[in-house]
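Working notes, structure below.
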Amino acid sequence: MSEAIWWAVARSEEISAEKPFNVDIGDQPIVLWRDTEGAVRALEDRCPHRRAPLSLGCILGNGAIQCGYHGWTFDGASGQLIDIPNLKSERKYPPVYKAKSFGVHESAGFVRICLDAKAPPPADDGYALPLSGTSTVALEHGQYIAALFDDPSLLISIKGVRFSPYLLAELCEQDGQLVMERSCQWASPHWPAPFTSDFPISLRIATDPVTGESDLTLRDDEFNLLLHATLAPVPGARQVTQVRWRAILSPERPGLAAKIMGVGTPLRVHDHIDGAALRVLKPSASIHADDLREEIAARTDQQDEVA
Amino acid sequence: MLEISDNPATSANDDPITSDQRQFSAKVNAWMPHEIMLTDAWFPLAHSFAVDKKPVRRAVYSQPFYLWRGSDGQVIAAENHPNDALAGAKSEYTDDSGHYPVLEKYGYVWSWLGKPENAAPEHVPSIPYLPEDGGLPLHMLGTVRFDCCAPLSLENLIDLTHADFIHADVVGDEKMDSETVEVFHDSETITMVRTCVNKSVAPIMKIFGGVRADVQQVRQVIRIYLRSHAAIAYGRFSPGDNVQLFHPCVPETRDRTRLDYAMNTSNVKKTNLFRYMMPKASYKVSRQDSSMTSPQSPRYMRPEKRKDLHSPLDEAGQKYRVLMMALAERQARGDFAYRDNVSLDCSDIIGYDGT
Numbered sequence: 000m001s002e003a004i005w006w007a008v009a010r011s012e013e014i015s016a017e018k019p020f021n022v023d024i025g026d027q028p029i030v031l032w033r034d035t036e037g038a039v040r041a042l043e044d045r046c047p048h049r050r051a052p053l054s055l056g057c058i059l060g061n062g063a064i065q066c067g068y069h070g071w072t073f074d075g076a077s078g079q080l081i082d083i084p085n086l087k088s089e090r091k092y093p094p095v096y097k098a099k100s101f102g103v104h105e106s107a108g109f110v111r112i113c114l115d116a117k118a119p120p121p122a123d124d125g126y127a128l129p130l131s132g133t134s135t136v137a138l139e140h141g142q143y144i145a146a147l148f149d150d151p152s153l154l155i156s157i158k159g160v161r162f163s164p165y166l167l168a169e170l171c172e173q174d175g176q177l178v179m180e181r182s183c184q185w186a187s188p189h190w191p192a193p194f195t196s197d198f199p200i201s202l203r204i205a206t207d208p209v210t211g212e213s214d215l216t217l218r219d220d221e222f223n224l225l226l227h228a229t230l231a232p233v234p235g236a237r238q239v240t241q242v243r244w245r246a247i248l249s250p251e252r253p254g255l256a257a258k259i260m261g262v263g264t265p266l267r268v269h270d271h272i273d274g275a276a277l278r279v280l281k282p283s284a285s286i287h288a289d290d291l292r293e294e295i296a297a298r299t300d301q302q303d304e305v306a
Numbered sequence: 000m001l002e003i004s005d006n007p008a009t010s011a012n013d014d015p016i017t018s019d020q021r022q023f024s025a026k027v028n029a030w031m032p033h034e035i036m037l038t039d040a041w042f043p044l045a046h047s048f049a050v051d052k053k054p055v056r057r058a059v060y061s062q063p064f065y066l067w068r069g070s071d072g073q074v075i076a077a078e079n080h081p082n083d084a085l086a087g088a089k090s091e092y093t094d095d096s097g098h099y100p101v102l103e104k105y106g107y108v109w110s111w112l113g114k115p116e117n118a119a120p121e122h123v124p125s126i127p128y129l130p131e132d133g134g135l136p137l138h139m140l141g142t143v144r145f146d147c148c149a150p151l152s153l154e155n156l157i158d159l160t161h162a163d164f165i166h167a168d169v170v171g172d173e174k175m176d177s178e179t180v181e182v183f184h185d186s187e188t189i190t191m192v193r194t195c196v197n198k199s200v201a202p203i204m205k206i207f208g209g210v211r212a213d214v215q216q217v218r219q220v221i222r223i224y225l226r227s228h229a230a231i232a233y234g235r236f237s238p239g240d241n242v243q244l245f246h247p248c249v250p251e252t253r254d255r256t257r258l259d260y261a262m263n264t265s266n267v268k269k270t271n272l273f274r275y276m277m278p279k280a281s282y283k284v285s286r287q288d289s290s291m292t293s294p295q296s297p298r299y300m301r302p303e304k305r306k307d308l309h310s311p312l313d314e315a316g317q318k319y320r321v322l323m324m325a326l327a328e329r330q331a332r333g334d335f336a337y338r339d340n341v342s343l344d345c346s347d348i349i350g351y352d353g354t
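Protein chains in written order, with numbering that gives the first Met the number 0: chain W, 0 to 306; chain A, 0 to 354.
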């Protein structure tokens, strides 16, 4: 069975019971909030009455969301219209009077949405990495992932670390993910990368072929874990990419250079891209991504047929 | 000159508000407000005080209007700026010298967009509580803009339940004992009368108007003159002072609306701060409206399969859509006639008795 896509559209701390929150999945605007039990609810960010954004409305004491325009009130779980305050009567509304609802799953500090409300949720992921952030980048989703493969320094910065142009392993497929490993150096004075024999650090990136959600693992040459991060780029309106991320800096990092990673912010996801540098960025690892995605998709289709 | 013919809309066949529910719904759901361009109408383009020797620029559906006063004080409306050396060919909307029909009434400069020979004073809407010769003090007048197409601003106005939510902090929330809405229409106007019993008092009337009671009896009337995109908003509040607002939504361009408002608070005692503060509420209230209609506007720009849902409170809004589309259809067929007289005094219809 081909799996429905669960997009990591928000971090848990971004969603509250106080104020609705708006995100996009492609051209689909979505409103998120927490109900009285703290469960995240997700509906289309569009009131079916006059198309106003529900995210401009408010959350009522009973956990329902109320449109800020004419007060139409919707149940969070089903999206059913449950009240039009000015009608002043207890009445039931026909099933078609609803805002579209979506599948919601919260775990490990991420709120995931599936556009198919009936899709079975994924398994819980474990605990939330302590560092986190949100960036919105004026770069199309597919190009964002390609840039992550070809030169991550255009998209992210790791304190005290410089990414090199050299790979220990080019992009390949492992367990349905696209995986590659890039050599890195410390930011302190170092031998130029082209003349370097052995690099002190490596960055392993494992990426979901469809969503581009990536696990980043930074290790030293003795395989001590330095930093682990999850980066979730989600396509938004106007071809913008919304990026949520969570990370943990390993508390024990041998060596002075590794300790410096803990001074200030260990990981930054850039809001602005250097366009001039991006324009001339030579495709390298990303060239293989499309072929690999095709192979993975073909294999999944075959499995669907057999099933 | 455009004659006012006998009203054939009294014949059931011609009234676009049909009793066939499916036909009515189909029209309501075909609403594409950005596509509507109604001509052969007077538009209130500027407050009289804003027009002097230096030409000011206005627009209706991107059609330029330059307004200024000649040495005799009379207003001129021209398609091109007098200094414009690059002026293009003149359009069908102006006479041989590139001038539009223009007149002044109610303290506004009105100009006619349409066939110049069809312009006539009897097509200027009736606004009972604005002095015909203008002259209201400046603090009662102003300009605000909406980041949406004009019909959406007018749809916003004709369903006043929105005020209970968007403008709750100015004009009060939805708490009241009962609310009834009546809708009247002819081929050129739609009128909505909303009566609220024991409504919670509008904050602006508590704070500035000296209203001490917990509840008010409210009668609000919105009357829209369809072609001119101009609305009367008349509210009677008891206790409290009546609100006499003229709310023209000039369609400057297909996605932006200009409101040169006039709120005549002459009926409010000069010692009452409400007289000076209520017109200023337009600045806050218009931002609140625009915050909703601005994201709405692009969502109405392309045909959508999904139909808007309606409640019984949407009768006026739905009829507004159907009447606008009916006028547009008639004009597309070459029929620009006024089947109803918009300049007839509408005091009785809106319940204005001069106080």
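Cβ coordinates follow ideal geometry from the N, Cα and C atoms, glycine included.
Original post:
CA-CA distance, Ser354 (chain A) and Gly141 (chain A)?
Top reply: According to the sequence displayed, residue 354 (chain A) carries Thr and not Ser. Straight-line Cα distance between these residues: approximately 23 Å.
**OP:** Specify the secondary structure class of Val341 (chain A) as computed by DSSP and reduced to three states.
**Re:** coil
Original post:
Where in the segment 157-183 of chain W do unbroken runs of the beta strand (DSSP E), each at least 3 residues long, occur, reported from the N-terminal end onward?
Top reply: 160-173
Subject >> Proximity test, Cβ basis, 8 Å: Ile64 (chain W) and chain A >> reply: no
Original post:
Which of the residues in the segment 150-172 of chain A, read from start to end, lie with their CB under 8 Å from any CB of chain W?
Top reply: Glu154, Asp158, Thr160, His161, Asp163, Phe164 and Ile165
Subject >> The beta strand (DSSP E) enclosing Thr216 (chain W), as first and last residue numbers >> reply: Ser213 to Asp219
Original post:
According to the Cβ coordinates, are His98 (chain A) and Ile126 (chain A) closer than 8 Å?
Top reply: no
Subject >> Of the residues A:Lys104, A:Val108 and A:Glu178, the one placed nearest Leu312 (chain A), counting alpha carbons only >> reply: A:Glu178
Subject >> Coil, strand or helix - Asp5 (chain A) by DSSP >> reply: Any reading at Asp5 (chain A) must be qualified, since the residue scores a pLDDT of 44, below 50, and its modelled position is unreliable; no value is offered.
**OP:** Take the Cβ of Cys308 (chain W) as the centre, count every other Cβ of all protein chains shown within 10 Å, and call the residue buried at 16 or more, exposed below.
**Re:** Residue 308 (chain W) lies beyond the stretch modelled for chain W, which goes from 0 to 306, so this question has no answer here.
Subject >> Below-8 Å beta-carbon distance, Ala7 (chain W) vs any chain A residue >> reply: no
Subject >> Run of the beta strand (DSSP E) containing Asn21 (chain W), from where it starts to where it stops >> reply: Phe20 to Ile24
Original post:
Does DSSP put His48 (chain W) in a helix, in a strand, or in coil?
Top reply: coil
Original post:
Is it right to say Lys198 (chain A) is buried, meaning 16 or more other beta carbons lie within 10 angstroms of its own, or is it exposed?
Top reply: buried
Subject >> Nearest to Asp270 (chain W) (by Cα), restricted to the options W:Ser131, W:Gly60, W:Leu153 and W:Pro47 >> reply: W:Leu153
Original post:
Would you call Leu53 (chain W) buried or exposed, if buried means 16 or more other Cβ atoms sit within 10 Å of its Cβ?
Top reply: buried
Subject >> Backbone secondary structure at Asp82 (chain W) - three-state DSSP >> reply: strand
**OP:** Check each candidate in A:Thr38, A:Pro15, A:Ser24 and A:Pro43 and name the one with the smallest Cα separation from Val249 (chain A).
**Re:** A:Pro43
**OP:** Could you work out which residue in A:Asp259, A:Asp254, A:Asn266 and A:Tyr282 is closest to Met300 (chain A) when comparing CA atoms only?
**Re:** A:Asp254
Original post:
Can you pull the DSSP bridge partners for Leu230 (chain W)?
Top reply: W:Ser213 and W:Trp244
**OP:** Check whether the Cβ of Phe335 (chain A) lies closer than 8 Å to any Cβ atom in chain W.
**Re:** no
Original post:
What did DSSP end up calling Ala288 (chain W) once you bin it into helix, strand or coil?
Top reply: helix
Original post:
Which residues does DSSP pair with Ala307 (chain W) in a beta bridge?
Top reply: Nothing can be reported for residue 307 (chain W), as the shown portion of chain W is limited to 0 through 306.
**OP:** Tell whether a beta-carbon distance below 8 Å holds between Thr252 (chain A) and Phe145 (chain A).
**Re:** no
Subject >> Option nearest Ala16 (chain W) by Cα separation, candidates W:Trp6, W:Asp23, W:Leu42 and W:Asn61 >> reply: W:Asn61
Original post:
With 16 other CB atoms within 10 Å as the buried threshold, where does Lys104 (chain A) fall?
Top reply: buried
Original post:
When the Cβ atoms of the segment 31-50 of chain W are set against those of the segment 124-138 of chain W, are three or more pairs found closer than 8 Å?
Top reply: no
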